[in-house]
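Quick mapping for you: the protein sequence lines, in order, are chains A and B. Take the first sequence: its letters are residues 1272 to 1508, numbered as in my numbering. Take the second sequence: its letters are residues 1357 to 1735, numbered as in my numbering. This report concerns only the one structure given below.
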Amino acid sequence: MDKVSFKVKKGEIFGLVGPNGAGKSTLLRMLCTVLRPTSGRGYIEGHDIVREATEVRKAIGVVQEKLILYSPLTPIENLEFFGNLYNIDGRELRKKIMALLDDVKLLAVKDRPVGTFSTGMRQRLNIARALLHDPRVVILDEPTNGLDPQSVRWVRDFIVNLKDHGLTVILTTHDMYEIDELAESVAIMDRGQILEIGKKDEIKAKYGVEKIEDVFLTLTGRELRDELSGRLKGRGW
Amino acid sequence: MKGSIYHLYIVMKKDLTEFYRVRARLVSMIMLPILLMLLFGYMFPSSGSITHIPIAIVNQDQSAAAIQVINSFTYMAQSGSTFNVITYASLAQAQQALLQGKIYAIVIFRPGFGQGLQSGAATVQVIADQMNPTLDQIVTNGIQAIFNQLNVQMSLTQGFPAQTGTVSVNFQGLIPGAPSSFEFLAPGFIAMSMVMGGLAGLAMTFSRERELGTLDGMLMTPISRFSIVMGKAMAQAIRGIISGILIVILSIILFGVKIYGNIFLMSLIIFLGILSFTGLGLIATSFVSDQESAQMIMLMIQMPMIFISGIFYPVLQLPWWLRDIAYMLPLSYTVSAFRAVMVLNAPLSAVWTEVLVLIIYSVVTFAIAIPLFQKMVTK
């Protein structure tokens, strides 16, 4: 990360985009308190991401690219596990689980191991898990990656629904159409820096284009990238 | 507000449920030690290289004849470098040392030994440590050979008064009856299954959860790193105990193994042993991020540890430098204490050193492992 600075307005959908290796996931991991920044400050809902990590964790719900679910367990067992880690009371937790499973259309399969689910079903459950503790900020890292069109549609509608309920959404995706459809504000990142940030419509107007994809390609280039992962680079590969 | 211990319990319960659901993991946990048990069940190590085996002498007679026989016995035992002879003032002290594994046999000269010798025949009683069949055989054969030699010398009156009788040796073990040879190997196998479960299990579960991304999921919840590590360690400990119990049951059914010791003390030793291994496993794998590397590291630690910790042959058989390494490993203490309790019904007072070492090992390894875990997950 290099001089990354941005603010997300309460209740908006904020799109964070960038090519592979741009630093989006690293930035999100820092915001989620998993990675500790070497310098600088970050706040979520007024809480410092380093000094008040526990408060930040209570405030955020995270849907990562990798599904945070245990395949041998059933949806109920998965949600019960995470709900208990958030100290949600037993009866209240059970009620919430049932309501969320109903919302994500998985009530009928609540007792089946998650390992038997399709990718779309897993992602819906993954979203339910992220919302279990009533977070005020939802961080979604490529939530529609690898899903069929029906599931993609469902996830996108759900994201809009989150905004309608007053939640703040930070969304990263490689799907520029998704950003055009959902995000109100956008930050375009590359090589650890934010190249452009602002209201989506204002950015498009600034560059005189109709799609955010055109701004993206103008700023990050059209040539193919062969980015090595950080771990391999560190080993001198 | 629910605290760290509650979260620890939640993580442990989740790990155990997950483990139970994946039948392949469950089956391998049970099958691997059983397979090894069947493969090695009747294997005996070679014994030629064992020297300086500590044995005790207890003299309850104090007659001149007894002292003379003892001096000759001590001289012969030590000059052949097979034994190191230690004199104990009382039988109780010597028996305690035998249970603690400090000595491997007690040669007792009962009251009236000298008188018996002068009137033609006397008997010495030998209590042998049967915990390792190989060592037991070497010790009993060695002691018998020395007394045979002494009898020859006495009959020829070489250094002994004329008309000295002969000494016969009455061997007895700590365990009543004739124990099955596998009885001595079973405690080692149980400890070995713990190594597989504990040492590899925790490291594997962490690297698997890291690869799957579920570890991040836990790290993003408001629970402490301590709860995550200890919850998983406890799940491993419970798995290890279940695995140990299954092997004990199978050993009883298939090989007629008997348990003489206190079940609770045995469980405590298993529990502490697993905690030591899990801490060690976590330290070893905190430097790698993928399952395969973690597996390789675990294998590198497991294999030598299994072979030098006294499961198959006595630690005494090892060269001094390897013996020193064995005494640095938690498995040596677990095997030694577990054997003593299971086979010899040793009380806590006899194995407290091993128990203490395992407690220290667990505390120290986890004190190192938890901050390392912090570092590992934020890499």
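From the three backbone atoms N, C-alpha and C, an ideal C-beta is built for every residue, glycine too.
**Message:** Rounded to the nearest angstrom, what separates SER1428(B) and GLN1471(B) at their Cα positions?
**Reply:** If I take the Cα positions, the gap works out to 18 Å.
**Message:** What ranges does the alpha helix (DSSP H) occupy inside the stretch 1579–1654 of chain B, keeping only unbroken runs of at least 4 residues that lie completely in it?
**Reply:** Unbroken alpha helix (DSSP H) runs of no fewer than 4 residues, entirely contained in the stretch 1579–1654 of chain B, are found at 1581–1611, 1619–1641, following chain order.
**Any C-beta of chain B under 7 Å from that of TYR1357(A)** = Yes, because at least one Cβ of chain B sits closer than 7 Å to the Cβ of TYR1357(A).
**Beta-carbon proximity check, MET1447(A) vs GLY1289(A), cutoff 7 Å** = No.
**Request:** Output the distance between the C-alpha atoms of LEU1503(A) and ALA1293(A), rounded to the nearest integer angstrom.
**Result:** With a pLDDT of only 49 at LEU1503(A), under the threshold of 50, the placement of this residue in the model should not be trusted; the figure read from the coordinates follows. Put simply, the backbone Cα of LEU1503(A) is about 16 Å away from that of ALA1293(A).
**Prompt:** Quick one: does ILE1394(A) have its CB under 7 Å from some CB of chain B?
**Reply:** For clarity, residue 1394(A) is Gln in the given sequence; the question names Ile instead. No, because no Cβ of chain B sits closer than 7 Å to the Cβ of GLN1394(A).
**Message:** Threshold first: 4 residues or longer. Then list the alpha helix (DSSP H) segments lying entirely within the stretch 1326–1371 of chain A, N to C.
**Reply:** Along the stretch 1326–1371 of chain A, the alpha helix (DSSP H) occurs as fully enclosed runs of 4 or more residues at 1346–1356, listed in sequence order.
**Request:** Take PRO1343(A) and list the residues in its own chain whose beta-carbon comes closer than 7 Å to its own, dropping the five residues that flank it on each side.
**Result:** If we look at PRO1343(A) and ignore the five residues flanking it on each side, its Cβ neighbours are PRO1384, GLY1386.
**Prompt:** Can you name, in chain order, every residue of its own chain whose Cβ lies under 6 Å from the Cβ of VAL1585(B), other than the five neighbours on each side?
**Reply:** Only ILE1726, PHE1729 meet the Cβ criterion.
**Asked** Should the stretch 1406–1413 of chain A be called in touch with the stretch 1362–1380 of chain A, which here means at least 3 C-beta pairs below 8 Å?
**Response** With the cut-off at 8 Å, the stretch 1406–1413 of chain A and the stretch 1362–1380 of chain A do not touch.
**Request:** Could you tell me whether the Cβ of LYS1731(B) comes closer than 7 Å to any Cβ of chain A?
**Result:** Nearest CB-CB separation between LYS1731(B) and chain A: not below the 7 Å threshold.
**Asked** Who are the Cβ neighbours of PHE1465(B) in its own chain at under 8 Å, not counting the five residues just before and after it?
**Response** ILE1413, VAL1414, ASN1415, GLN1416, ASP1417, ALA1422, VAL1425, ILE1426, VAL1480.
**Backbone CA spacing between SER1403(B) and MET1387(B) [nearest angstrom]** = Because SER1403(B) sits at a pLDDT of 43, beneath the cut-off of 50, its placement in the model cannot be relied upon, and the point is left open.
**Request:** Assess, as a yes-or-no matter, whether the stretch 1394–1405 of chain A is touched by the stretch 1333–1352 of chain A under the definition of 3 or more beta carbon pairs within less than 8 Å.
**Result:** Taking 8 Å as the limit for Cβ pairs, the verdict is that the stretch 1394–1405 of chain A does touch the stretch 1333–1352 of chain A.
**Item:** Buried/exposed call for GLY1457(B), threshold 16 Cβ in 10 Å
**Value:** Buried is the call here.
**Request:** Give, in chain order, every residue of the stretch 1459–1483 of chain A whose Cβ lies closer than 8 Å to some Cβ of chain B.
**Result:** For the stretch 1459–1483 of chain A, there are no residues whose beta carbon sits under 8 Å from a beta carbon of chain B.
**Item:** Inter-residue CB distance, THR1561(B) and ASP1680(B) (contact presumed, cutoff 8 Å)
**Value:** Rounded to the nearest angstrom, the Cβ distance from THR1561(B) to ASP1680(B) is 32 Å, too far for a contact under 8 Å.
**Message:** Looking at the secondary structure, which residues open and close the beta strand (DSSP E) in which GLU1467(A) lies?
**Reply:** Element bounds for GLU1467(A): 1464–1470.
**Prompt:** Using a Cβ-Cβ distance under 7 Å, would LEU1558(B) count as near chain A?
**Reply:** It does not: the Cβ of LEU1558(B) has no partner Cβ on chain A nearer than 7 Å.
**Item:** Contact under 7 Å by Cβ, ALA1640(B) with ILE1664(B)
**Value:** No, they are not a contact pair.
**Asked** What three-state label does DSSP hand PHE1400(B) in the structure shown?
**Response** Because the pLDDT at PHE1400(B) is just 44, under 50, the model does not fix this residue reliably, and the point stays unresolved.
**Asked** Taking Cβ positions only, does LEU1712(B) come closer than 7 Å to chain A?
**Response** No Cβ of chain A is located within less than 7 Å of the beta carbon of LEU1712(B).
**Item:** Contact set between ARG1328(A) and chain B, taken where Cβ atoms lie within less than 9 Å
**Value:** ARG1328(A) reaches chain B at LEU1575, MET1576, THR1577, PRO1578, ILE1579, counting residues in chain order whose Cβ is nearer than 9 Å.
**Prompt:** Exposed or buried, what is ILE1325(B) when buried is set at 16 or more other beta-carbons lying within 10 Å of its beta-carbon?
**Reply:** Residue 1325(B) lies beyond the residue range present for chain B, which begins at 1357 and ends at 1735; the question has no answer from this structure.
**Request:** Could you name the residues of chain A that THR1570(B) contacts, counting a contact when the two beta carbons are closer than 9 Å?
**Result:** What THR1570(B) touches in chain A, judged by beta-carbon distance under 9 Å, is LYS1337, LEU1338, ILE1339, LEU1340, TYR1341, going in chain order.
**Request:** For MET1399(B), collect the residues of the same chain with a Cβ closer than 6 Å to its Cβ; drop the 5 residues on either side in sequence, then sort them by chain order.
**Result:** Legend: pLDDT at MET1399(B) = 47, less than 50; position of this residue unreliable, no value from coordinates given.
**Prompt:** Do you know how far the Cα of LEU1558(B) is from the Cα of ALA1696(B)?
**Reply:** Rounded to whole angstroms, ALA1696(B) to LEU1558(B) spans 28 Å at the Cα level.
**Prompt:** Listed from N- to C-terminal order along the chain, which residues in the stretch 1382–1409 of chain A have their beta-carbon within a distance smaller than 7 Å of any beta-carbon of chain B?
**Reply:** If the cut-off is 7 Å between Cβ atoms, the stretch 1382–1409 of chain A has PRO1384 near chain B.
**Asked** For SER1524(B), which residues from the same chain have a beta carbon less than 6 Å from its beta carbon, with the 5 sequence-adjacent residues on both sides left out?
**Response** Closer than 6 Å at Cβ, skipping near neighbours: THR1479.
**Request:** For LEU1340(A), collect the residues of the same chain with a Cβ closer than 8 Å to its Cβ; drop the 5 residues on either side in sequence, then sort them by chain order.
**Result:** Hits under 8 Å: ASN1349, VAL1385, ARG1393, LEU1396, ASN1397, ARG1400.
**Item:** Under 7 Å by beta carbon: chain B residues contacting GLU1348(A)
**Value:** Simply THR1373.
**Message:** For chain B, check one thing: does any of its Cβ atoms lie closer than 7 Å to the Cβ of VAL1305(A)?
**Reply:** VAL1305(A) belongs to the set of residues whose beta carbon lies under 7 Å from a beta carbon in chain B.
**Prompt:** Which of helix, strand or coil does DSSP assign to THR1439(A)?
**Reply:** Strand at THR1439(A).
**Cα-Cα separation, SER1511(B) to LYS1614(B)** = Roughly 43 Å between the two C-alpha positions.
**Asked** For GLY1465(B), does the three-state DSSP call read helix, strand or coil?
**Response** Just to set this straight, residue 1465(B) is Phe in the shown sequence, not Gly. DSSP places PHE1465(B) in strand when its eight states are reduced to three.
**Message:** Between THR1415(A) and chain B, is the shortest Cβ-Cβ distance under 7 Å, so that the two count as touching?
**Reply:** So, not an interface residue.
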